[in-house]
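For the sequence shown, the positions run 1 to 175 when UniProt numbering is used. Where a beta carbon is used, it is the ideal one built from N, C-alpha and C, also for glycine.
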Amino acid sequence: MQDNIKIGYPYLEVKGVKFSTRIHFHKIRKDYVGTLLYLMVFDTKDPQVALEIQKEELQWNYDLKMKGDHLVRMRLFGDEIVNHEIFEGSINSLPYFIIGSIAMVLFIFATVSQYSQHLNDTNINDFSGTANEYWSKLKKYLRKSATSMLGHTTRKCANWVSEATVQLSEKAAKA
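Structure (structure tokens):
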């Protein structure tokens, strides 16, 4: 280090000029600095320079992730890094979205097909009589059919999920 630069706390001295380091150093002891905060702000009108800065920011973040030093942990925060992490997260969550969509469509298909089957098996003579009798019979029928449909649909979905799990584990074992 040069003689004209003296790093200390709460001041840094460069060529006799004192700069405050209070906002940059946190959790300080005699032989330890918990956090060293360094801010960089770029103000450029040239879009090409802005793209180069963003590219360097991403590369620096990637290098920091790969380094893995146990004594010094550096973290880099920036808008381009946040955008990149959001994009990676969305790509990584895509399989869960697809599986959930397929399960939802299968559940709806099984429920509607089961409901249609119950509706076709309904005898119209079961609903004869006064309006109150009609509504009470209809409520009983709907409770009974909803309970049986839900149980049947749940069993179908559970069977499908277990079959899919077995197939995936077999493919994983082969790979």
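Per DSSP, which residues does residue i bridge with? Please list them.
i	result
I91	In DSSP, I91 forms no bridge with anything.
S20	Y11
Y32	R29
Spatial neighbours of residue i within its chain, please: C-beta separation below 7 Å, excluding the five flanking residues on both sides.
i	result
L51	none
Enumerate in chain order the residues of its own chain whose CB-to-CB distance from residue i is below 6 Å, with the five nearest sequence positions on each side excluded.
i	result
G78	E57
K6	E13
M74	L64
N4	K15
My assumption, with CB atoms under 8 Å, is that residue i sits in contact with residue j. Please give the rounded CB distance.
i	j	result
Y9	I28	6 Å
V17	F25	Actually they are not in contact, since the Cβ atoms of V17 and F25 sit about 18 Å apart, beyond 8 Å.
Among the residues of its own chain, which have a CB less than 8 Å from the CB of residue i, if the five just before and after it don't count?
i	result
S101	none
I99	none
Answer yes or no: do residue i and residue j have a C-beta to C-beta separation smaller than 7 Å?
i	j	result
L36	W60	no
residue 236	E80	With the chain represented from 1 up to 175, any question about residue 236 goes unanswered, as that position is not in the structure.
Alpha carbon to alpha carbon, how far is residue i from residue j?
i	j	result
residue 187	Q114	Past the edges of the chain, shown from 1 to 175, lies residue 187, and the structure says nothing about it.
K174	T165	14 Å
V41	R22	19 Å
A172	E163	14 Å
M1	S20	Residue placement at M1 cannot be trusted, given a pLDDT of 48 that sits under 50; what the coordinates show is reported in the next sentence. Roughly 19 Å separates the two Cα atoms.
I91	F97	10 Å
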